[in-house]
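Per our numbering, residue 69 is the first one in the sequence shown, and the count goes up by one each step.
The block underneath contains the structure these notes are about, expressed in structure tokens.
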Amino acid sequence: ELVRRVQVREEAGERRKEAIAAVAVEAGLPKREVFDAVVAAKRAAP
Numbered sequence: 069e070l071v072r073r074v075q076v077r078e079e080a081g082e083r084r085k086e087a088i089a090a091v092a093v094e095a096g097l098p099k100r101e102v103f104d105a106v107v108a109a110k111r112a113a114p
């Protein structure tokens, strides 16, 4: 879910750093947690 929300923002033209920060605020989580989820998803992608 977090990763998808970051992807949607990136597709809309937002920079990854800003997208991660915004999703973190929306979810009430640390930016690092969202960043780690994005990195893990990219590594898992074929």
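Where is the CB? At the ideal position from N, CA and C, for every residue including glycine.
What residue range is occupied by the uninterrupted alpha helix (DSSP H) comprising residue i?
i: Arg83; result: Neither: Arg83 is in no alpha helix (DSSP H) and is coded neither H nor E.
Is the beta carbon of residue i sitting closer than 8 angstroms to the one on residue j?
i: Leu70; j: Val91; result: yes
i: Ala95; j: Val74; result: no
i: Lys99; j: Ala89; result: yes
i: Glu78; j: Arg84; result: yes
Just to confirm, does residue i get its C-beta within under 7 angstroms of one of the non-hydrogen atoms of the ligand GDP?
i: Arg111; result: Judged by which ligands are present, the structure shown has none, so any question about the ligand GDP falls away.
Grouping DSSP H, G and I as helix and E and B as strand, with all else coil, what is residue i?
i: Ala90; result: helix
i: Glu69; result: coil
i: Ala113; result: coil
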